[in-house]
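Q:
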Amino acid sequence: GAGVSQSPSNKVTEKGKDVELRCDPISGHTALYWYRQSLGQGLEFLIYFQGNSAPDKSGLPSDRFSAERTGGSVSTLTIQRTQQEDSAVYLCASSSSANTIYFGEGSWLTVV
Amino acid sequence: KQEVTQIPAALSVPEGENLVLNCSFTDSAIYNLQWFRQDPGKGLTSLLLIQSSQREQTSGRLNASLDKSSGRSTLYIAASQPGDSATYLCAVRGSNYKLTFGKGTLLTVNP
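Quick mapping for you: the protein sequence lines, in order, are chains A and B. Quick note on the working numbering: the first sequence kicks off at 1 and runs consecutively. Quick note on the working numbering: the second sequence kicks off at 113 and runs consecutively.
1. Check whether the Cβ atoms of residue 144 of chain B and residue 118 of chain B sit closer than 8 Å, and answer yes or no.
2. Is residue 198 of chain B near residue 173 of chain B, with beta carbons less than 8 Å apart?
3. Output yes if chain B places a C-beta closer than 8 Å to the C-beta of residue 56 of chain A; else output no.
4. Within 10 Å of its beta-carbon, does residue 167 of chain B have 16 or more other beta-carbons around it, so buried, or fewer, so exposed?
5. Looking at chain A, is there any beta carbon in it that lies within less than 8 Å of the beta carbon of residue 180 of chain B?
6. Name the DSSP bridge partner or partners of residue 218 of chain B?
7. Hey, which unbroken runs of the beta strand (DSSP E) at 3 residues or more fall wholly within the segment 121-182 of chain B?
8. Can you name the start and end residues of the beta strand (DSSP E) that residue 76 of chain A belongs to?
9. Could you pull the DSSP bridge partners for residue 50 of chain A from this structure?
10. From this set, A:109, A:6, A:33, A:24, which residue's C-alpha is nearest residue 79 of chain A's C-alpha?
11. Could you compute how far the alpha carbon of residue 149 of chain B sits from the alpha carbon of residue 100 of chain A?
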């Protein structure tokens, strides 16, 4: 597709379960970002990929969070042993070099 | 650590008014600045990108300015319409490619 694609768009999971969120960036975009937006809060940086490597993982909130990117394209954000405070919208974005950053529609995660 | 502040937090105007949204940042060593809009339940839509060497960018009824030395940017919306109602977010990119966001301005344009 033409834009950043994220799946699932909505996910309800039980506390303690693991979840995987997927991001398909715009074709050819080397940079990929994950952000988190909690209800009524600003956007919180999680991790940045350049190609397949992650030079900046400083935003991952705990060791329950991990992310990988393969083939310089698709990225997966994994949250292990989910907690209620993990409920948020997880937004993925991509860009080429220093240009405009494009966001996906987000994955809405609810932990019950 | 870069901090981005947006003022006002919320703004309500009648249709047709011209308005200005403000964004300030603490570290002037930025790569670029980008304005986004976010509709309820949606992702972010890019509006304008200003590189650090530029002073302003225009797109239709939108004009964004950048004063890097003073750490300020403004988004000017001319002849506002109800369809402009959304949250407007300012984000600055540093040399490490991290994008730091403000908390946004919630704009309501009343018919």
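By construction, the Cβ of each residue, glycine as well, lies at the ideal position given by its N, Cα and C atoms.
A: Inspection of the coordinates gives the following:
1. The beta carbons of residue 144 of chain B and residue 118 of chain B sit no closer together than 8 Å.
2. Contact flag unset, no.
3. By this cut-off, residue 56 of chain A is an interface position.
4. Exposed, because fewer than 16 other Cβ atoms sit within 10 Å of the Cβ of residue 167 of chain B.
5. No, because no Cβ of chain A sits closer than 8 Å to the Cβ of residue 180 of chain B.
6. B:122, B:199, per the DSSP bridge assignment.
7. The qualifying runs are 122-126, 131-137, 142-150, 156-163, 168-171, 174-179.
8. Taken as a continuous stretch (DSSP letters only), the beta strand (DSSP E) holding residue 76 of chain A covers 75-79.
9. Bridge partners of residue 50 of chain A: A:31, A:53.
10. Of the candidates A:109, A:6, A:33, A:24, the one whose C-alpha sits nearest the C-alpha of residue 79 of chain A is A:109.
11. A direct Cα-to-Cα measurement between residue 149 of chain B and residue 100 of chain A gives close to 14 Å.
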